[in-house]
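Enquirer: Just passing along the structure, written as structure tokens.
Protein chains: 2
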Amino acid sequence: MMALKLKATNLGSMPSPADVIFEALREAIVEGELKDGETLRQDHIASLFNVSRIPVREALARLEEQGLVTTQRHKGAVVSSLSLEEIAEMFEFRALVEGEVIRHAVSGISDRTLAEAKAFAEAFAAEPDSARWAQLNRLFHYTLYKDCGRPYHLQVVSKALDKIARYLRAQLVLTHGIARARQEHEGILRAAMARDADEAAALTRAHILGASRSLISFLQTQEKL
Amino acid sequence: MMALKLKATNLGSMPSPADVIFEALREAIVEGELKDGETLRQDHIASLFNVSRIPVREALARLEEQGLVTTQRHKGAVVSSLSLEEIAEMFEFRALVEGEVIRHAVSGISDRTLAEAKAFAEAFAAEPDSARWAQLNRLFHYTLYKDCGRPYHLQVVSKALDKIARYLRAQLVLTHGIARARQEHEGILRAAMARDADEAAALTRAHILGASRSLISFLQTQEKL
DNA sequence: CTATTGTAAATTGGATCCAATATCCAGTAG
DNA sequence: CTACTGGATATTGGATCCAATTTACAATAG
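Heads up: the protein sequence lines correspond to chains A and B, in order. Just so we're aligned: 72 in my numbering is position 72 of the first sequence, and the numbers increase by one with no gaps anywhere. Just so we're aligned: 1071 in my numbering is position 71 of the second sequence, and the numbers increase by one with no gaps anywhere.
This is the structure we're talking about:
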């Protein structure tokens, strides 16, 4: 074999058109750019990406498997919407799993990771642009979680969060959620720095369930309009 | 509208060919009929079902999203295999979520449901055919879970179980797992009948983690061959 | 005027066709 | 004999075509 110095990129694992479309649609749904119940026309999406409908259909099939869209035979795909009960359950689920995840992560957390998390918490607290809050919030928590050694747990949490992110946004923006989140992040961070796993877990659970209550009651008032 | 008495089946929600293929492949993988690493040829599957490759590809895309198959660009799909660490993590995850689920289910469980669960436990204990153990085991547990009022939790548990079912089978069949399972089922059932939610949760966790240890050590000895 | 029927347009889902990539194997140079 | 090249074959992924279903709407009957 020749000792050729090339930055060889593995072409075989480059994203396919279907991957690109899947990711774009997923993000649009998670970010709330595509509203609940909005229908997704294969033709339209295909022309946006300059491909035929085949890769679009693959992307939609995958999104349906994730529960982000719902399709009815011969009628097409719409962005899935969640009932209040479903949203509440997702938060409960997150509280359960994220509590467990941070417990395992915190016991052996590195100073480096703590510094990273601190930076995100501060960036979150200082950010004036509400569009970036959700992203920084997610980065903060995931940084604390990432050394838990449980990739499957993280993946499941991530999928759960994907399904409620667009509702959460409302909670942060419209219900003074940021002020409280800021405080609670500080508490979680402090517990993590003290390597107090149980405390970090308890605070994380409370953080998630508090956001849930706030969001649910907000949505309940909205619903009556 | 005419008052016509017809057993009207909703044709619109009949399973599409893609659905049928997805379900068949999923079951084959979960039941272990398709082995780890086995490659799935689109053409072959298509001719088995007398369709073109298009619905097969949709089914495979959905299976990949579930993590049951893995595809490499232009190389095709193979049945995903899990490392020991991944298997162990799945059990941990199940212990966490199923513990929570049974806790909520047991507090208000009906006598009717308890009787059902008891029947499955007895059928499991009495069943001579090892091929049906896994199924009866699953029915027993799910019966106890079903009134927890948390459909998403159950769905996630179900997906996790799908991914490890074929390994679990080995644990039941090859490691005297049934004898222990029988006893542990009795304990869980007793706790449920006493409406002792915490006890039922603790026993369920122990049941799952015990099976995990047994399976992992079995797989470790296997691995050395 | 309302309810129903029939038809045209839009859309989805599957089949077939084609291009791109991988795999296998024979041929060839060293 | 071994290592590499080049082409045949197999397979995947996308484009195009077609059938089936839904939807919108006009025509018609009551």
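Just so you know, even glycine gets a beta-carbon here, dropped at the ideal spot from N, CA and C.
Please give me, in chain order, every unbroken run of the beta strand (DSSP E) with length at least 3 that falls completely inside the region 1076-1162 of chain B.
Expert: DSSP runs (the beta strand (DSSP E)) wholly in the region 1076-1162 of chain B: 1076-1079.
Enquirer: So residue 61 of chain A and residue 1062 of chain B are in contact, right, with Cβ under 8 Å, and what is the actual spacing, rounded?
Expert: With 8 Å as the limit, residue 61 of chain A and residue 1062 of chain B qualify as a contact, their Cβ atoms being about 5 Å apart.
Enquirer: For residue 1219 of chain B, list the residues DSSP reports as bridge partners.
Expert: For residue 1219 of chain B, which the question treats as bridged, DSSP gives no partner whatsoever.
Enquirer: So what does DSSP say about residue 51 of chain A, is it helix, strand or coil?
Expert: In the structure shown, residue 51 of chain A sits in coil (DSSP, three-state: anything other than H, G, I, E or B).
Enquirer: Does the contact criterion of 3 or more C-beta pairs under 8 Å hold for the region 119-134 of chain A versus the region 1005-1018 of chain B?
Expert: Too few Cβ pairs lie closer than 8 Å, so no.
Enquirer: What separation, rounded to the nearest whole angstrom, lies between the Cα atoms of residue 178 of chain A and residue 69 of chain A?
Expert: So the two alpha carbons sit approximately 29 Å from each other.
Enquirer: Confirm, please, whether the CB-CB distance from residue 21 of chain A to residue 59 of chain A is below 7 Å.
Expert: Result yes, Cβ atoms of residue 59 of chain A and residue 21 of chain A sit closer than 7 Å.
Enquirer: Along the region 75-102 of chain A, where does the CB come closer than 8 Å to a CB of chain B? Name the residues.
Expert: Of all residues in the region 75-102 of chain A, 75, 86, 89, 90, 92, 93, 96, 97 and 100 have a Cβ within less than 8 Å of some Cβ in chain B.
Enquirer: Taking just the CA atoms, how far does residue 1145 of chain B sit from residue 193 of chain A?
Expert: Cα to Cα, the separation comes out at about 38 Å.
Enquirer: With distances taken between CB atoms, is the gap from residue 109 of chain A to residue 162 of chain A smaller than 7 Å?
Expert: Taking 7 Å as the Cβ cut-off, residue 109 of chain A and residue 162 of chain A do not qualify as a contacting pair.
Enquirer: Return yes when the Cβ of residue 87 of chain A is within less than 7 Å of the Cβ of residue 167 of chain A, no when it is not.
Expert: Yes. Within cutoff.
Enquirer: Residues bridged to residue 1009 of chain B by DSSP?
Expert: Partner(s): none; residue 1009 of chain B has no beta bridge.
Enquirer: Thinking C-alpha only, which one of A:176, A:10, A:184 and A:196 is nearest residue 1073 of chain B?
Expert: Taking only the C-alpha atoms, the option nearest residue 1073 of chain B is A:10.
Enquirer: Closer than 9 Å, Cβ to Cβ, to anything on chain A: give me those residues from the region 1043-1058 of chain B, in chain order.
Expert: For the region 1043-1058 of chain B, which is checked against every Cβ of chain A, the residues closer than 9 Å are 1054, 1057 and 1058.
Enquirer: Could you compute how far the alpha carbon of residue 2 of chain A sits from the alpha carbon of residue 1075 of chain B?
Expert: Because residue 2 of chain A sits at a pLDDT of 48, beneath the cut-off of 50, its placement in the model cannot be relied upon, and the following sentence gives the value as read from the coordinates. Straight-line Cα distance between these residues: approximately 26 Å.
Enquirer: For a cutoff of 7 Å on Cβ pairs, would you count residue 1165 of chain B as touching chain A?
Expert: With 7 Å as the cut-off, residue 1165 of chain B does not count as an interface residue toward chain A.
Enquirer: Please go through the same chain and pick out, in chain order, the residues whose beta-carbon is closer than 7 Å to the beta-carbon of residue 1107 of chain B, but skip the five residues on each side of it.
Expert: Excluding residues within five positions, the ones whose Cβ falls inside 7 Å are 1195 and 1197.
Enquirer: Using the beta-carbon of each residue, which ones in chain A are nearer than 7 Å to residue 1016 of chain B?
Expert: Within chain A, the residues near residue 1016 of chain B are 73.
Enquirer: Going by DSSP, name the residue or residues bridged to residue 229 of chain A.
Expert: Since the displayed chain A opens at 1 and closes at 225, residue 229 of chain A lies outside it and no answer follows.
Enquirer: Hey, quick one: how far does the alpha helix (DSSP H) through residue 1196 of chain B stretch, first residue to last?
Expert: No alpha helix (DSSP H) holds residue 1196 of chain B; DSSP gives it neither H nor E.
Enquirer: Helix, strand or coil, according to DSSP, for residue 175 of chain A in the structure here?
Expert: If DSSP states are grouped into helix, strand and coil, residue 175 of chain A belongs with coil.
Enquirer: Identify which residue in B:1213, B:1114 and B:1082 has its Cα closest to the Cα of residue 1139 of chain B.
Expert: Nearest of B:1213, B:1114 and B:1082 to residue 1139 of chain B, Cα basis: B:1114.
Enquirer: Got a sec: which bits of the region 1139-1161 of chain B sit with their beta carbon under 7 Å from any beta carbon on chain A, in order along the chain?
Expert: Here the close residues are 1150, 1152, 1153 and 1156.
Enquirer: So what does residue 72 of chain A bridge to, in DSSP terms?
Expert: Its beta-bridge partners are A:76.
Enquirer: Start and end of the alpha helix (DSSP H) containing residue 17 of chain A?
Expert: 17-30 is the span of the alpha helix (DSSP H), which, as asked, contains residue 17 of chain A.
Enquirer: Taking only beta carbons into account, state which residues of the region 59-71 of chain A come closer than 7 Å to chain B, listed in chain order.
Expert: For the region 59-71 of chain A, which is checked against every Cβ of chain B, the residues closer than 7 Å are 61, 62, 65 and 66.
Enquirer: Find the residues of chain A that neighbour residue 1013 of chain B, judging by a C-beta separation of less than 8 Å, and give them in chain order.
Expert: Neighbours of residue 1013 of chain B on chain A, chain order: 72 and 73.
Enquirer: Using CA coordinates, which residue listed in A:111, A:31, A:65 and A:149 is at the minimum distance from residue 100 of chain A?
Expert: If we check each option's Cα against that of residue 100 of chain A, A:149 comes out closest.
Enquirer: Taking CB distances under 7 Å as the criterion, tell me whether residue 1001 of chain B reaches chain A.
Expert: Confidence is the limiting factor: at residue 1001 of chain B the pLDDT is only 47, short of 50, which leaves the residue's position unreliable, though a coordinate-based value still follows. It does not; no Cβ of chain A falls within 7 Å.
Enquirer: Would residue 80 of chain A and residue 67 of chain A be called neighbours here (beta carbons separated by less than 7 Å)?
Expert: In this structure, residue 67 of chain A lies closer than 7 Å to residue 80 of chain A by Cβ.
Enquirer: Quick one, are the C-beta atoms of residue 30 of chain A and residue 165 of chain A less than 7 Å apart?
Expert: Yes, these two residues count as a Cβ contact at 7 Å.
Enquirer: Alpha carbon to alpha carbon, how far is residue 1071 of chain B from residue 1065 of chain B? Give it in angstroms, no decimals.
Expert: Approximately 10 Å, taken between the alpha carbons.
Enquirer: Just checking my contact of residue 1171 of chain B with residue 1211 of chain B at CB under 8 Å: how many whole Å lie between their CB atoms?
Expert: Indeed, because the Cβ distance is near 6 Å, the residues count as touching under 8 Å.
Enquirer: Rounded C-beta distance between residue 1090 of chain B and residue 1160 of chain B? I'm assuming under 8 Å.
Expert: Sure, about 5 Å apart at Cβ, within 8 Å.
Enquirer: Checking 7 Å against the spacing of the C-beta atoms, do residue 1216 of chain B and residue 1095 of chain B come in under that value?
Expert: No, they are not a contact pair.
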